[in-house]
Amino acid sequence: MDSDKYISLFVSESREHLQQCTAQVLEWERSPTAVEPRDALFRAFHTVKGMAATLGFARLTELLHTAEHLLARLRDEGRPPTPGIIDLYFRVVDVAERGVVLAASGEDERLDAMVLLTELESAAGPQPTESPRTRSSVTTPPEGRPIRVQLRSGVAMPAARAAIVLRCAESLGEVMAVDPPPEQWLADDFDGAFSFRIRTEASGDHIRRVIMTAGEVTDVRVGGEVIPRPKVKRQVKVDMDRLDRLVRLTGEIVVARGRVAALIDELKDSRLEDAGHEMSRLIADLQAAVLSARMAPVGEVYQRFSRPVRDLSRQLGKSVRLELSGGEIELDRVILDELGEPLLHLLRNAIDHGIEDPTDRVAAGKLAEGVITVSAHRERNAAVITVGDDGRGIDEEAVKARSGWSASGDGSSGLLEVIAQPGFSTAEAVTNVSGRGVGIDAVVHWARSRGGTTELATQRGVGTTVTLRLPLSVAIIPVLLVGVTGQRFAVPLGFVSETVRLPTEERLKEIAFRGERVPILETLTPGRGKNGDPRHWRPGVVINVGGHRAALAVDTLLGQEDIVVGPVDAPRGTPAWINGATILADGRPVLILDPAVLIQGEAP
Amino acid sequence: MGQTVLVCDDAIFMRTMIADILSQAGYEVVGEAETGVQAVEQYRKLKPDLVTMDIVMPDMSGIEAVRAICLEDPDARILMCSAMGQQALVVEAIQAGAKDFIVKPFQPSRVLEAVQRLLG
């Protein structure tokens, strides 16, 4: 068997299940009497255990089995979890995640979970019948196999239909523990979902078939297995490398299309033009489809936050509520995979520096519980993610005193620059959380490297909000091509406000643009202004980075194009404002500019 | 030969309608009953493959008739014909041994679906 393939499937599926487990444990902690989080955990552990056992990972299997056993005991005894048990399950998820990694690299036996196993077993208490280790999940357990049934939604007389289901099930063996009990089925809120246990030797498939004969049944789950409903979306896991290859190839087709389109223009044949347009439209559709395959919802990253926020606020003795919204907003997988760390930085800052101690909050007339919000929404061709807190805000006086920086007018943007200096911190003591440098320099740097921007807004006593603006795709971006002495540069269109004519008068350092004084950037054209141009003007590109504008002087405007951004190994001495390079349709290279660095270079 | 059906309903209209739906689909309606007592007698005599049973009938209700029939033949395939708002009665009929139910107003497709489910 192709064991590598199975192992990578095992890793990716297990991770998915275990990630959801953290959310379930948190949910269980919030409502200990709720049944669903416990059952969801049970199902997830059971599924991962099944995979681990199949692949022969004994240590991981044992851990999950024991974790599952305690859940079953709690369920059977109707026992809600103690805070100690909740903590145990947080640890189970952690250790299991580590176990998956170890197992995948062939080191399952290095998984040391003895302490955790002992604690799980003692929390379960003595087994009334047989020891948990010897119980096999294959033979019929004495309490019968659990069955969950879902009737078609909107079915006529669900209670009567459910009664038929039970009668069908009774033909197989003794039925017990019906939940909700039949006398509650006549209630209006019975939605046709119910479960029971059945003592039978029949196979899962057979049980399912018999229950289906009752009619109007859309889903039957036997034991821990899941039978997908036919209307569930079908998904295939695809290796990221393959997807990247598709994106690269599509990018090359887009580039080749440009070349063909140029030839068609020259030939002036209407039939060729029609065919060319058709092809262009299809290629645009293909590009959109391939890129959307790389998109994933921000919510995937959100799942990783609840736990650190909980742990950290406990550790610091703060009370914090995390509110997440916009989880459905989609981002390029590459950005999404990297997004977790910067957002965690911001969350740590918010908890450590932003949110006050409960007593201070109450003294300031706030609720003892601080609120941190993470939200995402879509703007034209960017995803905007904000992390906000209702804490004390940043003390601009302290920042000034420390840096010699002086705020002018709307100081927040300048403030970001100052606190983003590596190593800058106003924290009096370096905590092991986030005291050594606020870490925001890493966030600003990362966003910039991805063609995005960072903004900061703060108000003393009210709170701080950091806004990340990120491109939706990293693979193909629309750019404005400009020329300077034969060399061509690409300005990402997301940063372009518009193009203007710059006067070629001497010593002109800025122009008026929409009632604003906008500095002229001579980065590409050093010393050119003085020499004069026979036209008395030259073209300029007004770029806008998070509300800061500048007019970039160039020699010629060459038009708009989609370019494929490839990885670039910048040679030593490459100016910081060059962000990458790509090959154009005509085969010549073009350098991609980083507007954020260009504007920054202009700042005093 | 088609499978045999006994149609029990106190209203001629309903009996006719059900009989039409079933005979058009190739089933053979071998008898009709207007009361619960008649239903039990006819079942004994005809041993049909399927019974359609109204719930509210004079003499003996449909549910009592189901109970009486199933006492003698637990494998009797009885399809309850009910109206909206009779869910509790349908549940009772099922506990008494009815195998499935349909809800008025009848749609031929629903009726046949249930009949096919019962007759396999």
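In order, the protein sequence lines correspond to chains A and B.
For the first sequence, our numbering gives the first residue as 1, with consecutive numbering after it.
For the second sequence, our numbering gives the first residue as 1001, with consecutive numbering after it.
For each residue, glycine too, the CB sits at the ideal point set by N, CA and C.
Original post:
Does Ala-58 of chain A have its Cβ less than 7 Å from a Cβ in chain B?
Top reply: Under the Cβ criterion of 7 Å, Ala-58 of chain A is not counted among the residues facing chain B.
Subject >> Proximal residues, the region 214-225 of chain A versus chain B, C-beta separation under 9 Å >> reply: Shown in chain order are the members of the region 214-225 of chain A whose Cβ falls below 9 Å from a Cβ of chain B: Ala-214 and Gly-215.
Original post:
How about the region 248-258 of chain A and the region 284-296 of chain A: do they share at least three Cβ pairs that are nearer than 8 Å?
Top reply: A contact exists between the region 248-258 of chain A and the region 284-296 of chain A.
Original post:
Quick one: what's got a C-beta closer than 6 Å to His-536 of chain A's C-beta in the same chain, skipping five residues either side?
Top reply: Same-chain partners within the cutoff: Thr-504.
Original post:
Per DSSP, what kind of secondary structure is Ser-203 of chain A in: helix, strand or coil?
Top reply: Reduced to three states, the DSSP call for Ser-203 of chain A is coil.
Original post:
How would you list, in chain order, the residues of chain B whose beta-carbon sits under 7 Å from the beta-carbon of Ile-164 of chain A?
Top reply: Within chain B, the residues near Ile-164 of chain A are Ile-1094 and Asp-1100.
Original post:
Should the region 548-559 of chain A be called in touch with the region 573-588 of chain A, which here means at least 3 C-beta pairs below 8 Å?
Top reply: No: the two stretches stay apart, fewer than three of their Cβ pairs being nearer than 8 Å.
**OP:** Give the DSSP-derived three-state secondary structure of Thr-458 of chain A in the structure shown.
**Re:** Note: Thr-458 of chain A maps to strand in three-state DSSP.
**OP:** Tell me, please, whether the CB atom of Ala-1076 of chain B is closer than 7 Å to any CB atom in chain A?
**Re:** Ala-1076 of chain B is outside the set of residues whose beta carbon lies under 7 Å from a beta carbon in chain A.
Original post:
Taking the C-alpha atoms as reference points, what is the distance between Arg-392 of chain A and Ala-350 of chain A?
Top reply: Their backbone Cα atoms lie some 10 Å apart in a straight line.
**OP:** Out of B:Val-1029, B:Ile-1055 and B:Met-1057, point me to the one whose CA is closest to Leu-1046 of chain B's CA.
**Re:** When only C-alpha atoms are compared, the closest one is B:Val-1029.
Subject >> Residue range of the unbroken beta strand (DSSP E) whose run includes Ser-497 of chain A >> reply: If you look at Ser-497 of chain A, you'll find it in the beta strand (DSSP E) that goes 496-503.
Subject >> Coil, strand or helix - Phe-513 of chain A by DSSP >> reply: The answer is strand: DSSP assigns Phe-513 of chain A an E or B state.
Original post:
Got a sec: which bits of the region 1010-1031 of chain B sit with their beta carbon under 9 Å from any beta carbon on chain A, in order along the chain?
Top reply: From the region 1010-1031 of chain B, no residue has a Cβ closer than 9 Å to chain A.
Subject >> Best match in A:Pro-519, A:Val-541 and A:Leu-521 for proximity to Arg-501 of chain A [C-alpha to C-alpha] >> reply: The shortest C-alpha separation from Arg-501 of chain A is found at A:Val-541.
Subject >> Bounding residues of the alpha helix (DSSP H) (the contiguous stretch that carries Ala-578 of chain A) >> reply: Sequence inspection shows Ile at residue 578 of chain A; the Ala mentioned does not correspond to that position. Premise fails: Ile-578 of chain A lies in the beta strand (DSSP E), 578-583, not in any alpha helix (DSSP H).
**OP:** Compile a chain-ordered list of the residues in the region 284-311 of chain A whose CB is closer than 9 Å to at least one CB of chain B.
**Re:** The region 284-311 of chain A vs chain B, Cβ under 9 Å: nothing.
Original post:
Can you tell which of A:Leu-339, A:Ser-31 and A:Glu-68 has its C-alpha closest to the C-alpha of Arg-450 of chain A?
Top reply: Comparing Cα-Cα distances from Arg-450 of chain A to each of A:Leu-339, A:Ser-31 and A:Glu-68, the minimum goes to A:Leu-339.
Subject >> Cβ contact check for the region 112-123 of chain A and the region 73-91 of chain A: 3 or more pairs under 8 Å >> reply: Taking 8 Å as the limit for Cβ pairs, the verdict is that the region 73-91 of chain A does touch the region 112-123 of chain A.
Original post:
Using 7 Å as the limit for Cβ to Cβ distance, is Ala-1033 of chain B near chain A?
Top reply: So, not an interface residue.
Subject >> Minimum Cβ-Cβ distance from Ala-368 of chain A to chain B less than 7 Å >> reply: No, Ala-368 of chain A lies away from the interface with chain B (no Cβ there is under 7 Å from its Cβ).
Subject >> CA-to-CA distance, Gly-223 of chain A to Pro-81 of chain A, given in whole angstroms >> reply: Whole-angstrom Cα-Cα distance: 22 Å.
Subject >> Minimum Cβ-Cβ distance from Leu-172 of chain A to chain B less than 7 Å >> reply: Closer than 7 Å: no.
Subject >> Residue of A:Ile-440, A:Leu-282 and A:Ala-383 minimising C-alpha distance to Leu-346 of chain A >> reply: Ranking A:Ile-440, A:Leu-282 and A:Ala-383 by Cα distance to Leu-346 of chain A puts A:Ile-440 first.
**OP:** From the DSSP output, in three-state form, read off Ile-575 of chain A for me.
**Re:** Sequence check: residue 575 of chain A is Pro here, not Ile. For Pro-575 of chain A, the three-state secondary structure derived from DSSP is coil.
**OP:** Taking Met-176 of chain A as the query, report the chain B residues whose CB atoms sit under 8 Å from its CB, ordered along the chain.
**Re:** Neighbours of Met-176 of chain A on chain B: none; closest Cβ ~17 Å, over 8 Å.
**OP:** Please decide whether Val-1005 of chain B counts as near chain A, where near means a Cβ-Cβ distance under 7 Å.
**Re:** Cβ-Cβ to chain A under 7 Å: no for Val-1005 of chain B.
Subject >> Bounding residues of the alpha helix (DSSP H) (the contiguous stretch that carries Ile-1063 of chain B) >> reply: Start and end: 1062-1072.
Subject >> Cβ-Cβ separation, Trp-185 of chain A to Pro-146 of chain A (assumed contact under 8 Å), whole Å >> reply: Contact doesn't hold; Cβ gap of about 19 Å is too wide.
**OP:** Could you please give me the residues that DSSP links to Thr-556 of chain A through a beta bridge?
**Re:** According to DSSP, Thr-556 of chain A bridges with A:Gly-483.
Original post:
Does Gln-1107 of chain B get closer than 7 Å to chain A when you measure Cβ to Cβ?
Top reply: Output row for Gln-1107 of chain B: interface = no.
**OP:** Report, in whole angstroms, the separation of the C-beta atoms of Ile-1063 of chain B and Leu-1079 of chain B, which I expect to be a contact under 8 Å.
**Re:** Wrong, their Cβ atoms sit about 13 Å apart, outside the cutoff.
Original post:
Are the region 1102-1120 of chain B and the region 175-189 of chain A in contact at 8 Å, needing three or more beta carbon pairs?
Top reply: Too few Cβ pairs lie closer than 8 Å, so no.
Original post:
Taking the continuous alpha helix (DSSP H) assigned at His-277 of chain A, which residues delimit it?
Top reply: Annotation for His-277 of chain A: the continuous alpha helix (DSSP H) segment containing it runs 270-293.
Original post:
Distance, Cα to Cα, Met-1014 of chain B vs Leu-1112 of chain B?
Top reply: Cα to Cα, Met-1014 of chain B sits roughly 15 Å from Leu-1112 of chain B.
Original post:
With a Cβ-Cβ cutoff of 7 Å, do Ile-1021 of chain B and Val-1007 of chain B count as a contact?
Top reply: Not in contact: Ile-1021 of chain B and Val-1007 of chain B (Cβ atoms no closer than 7 Å).
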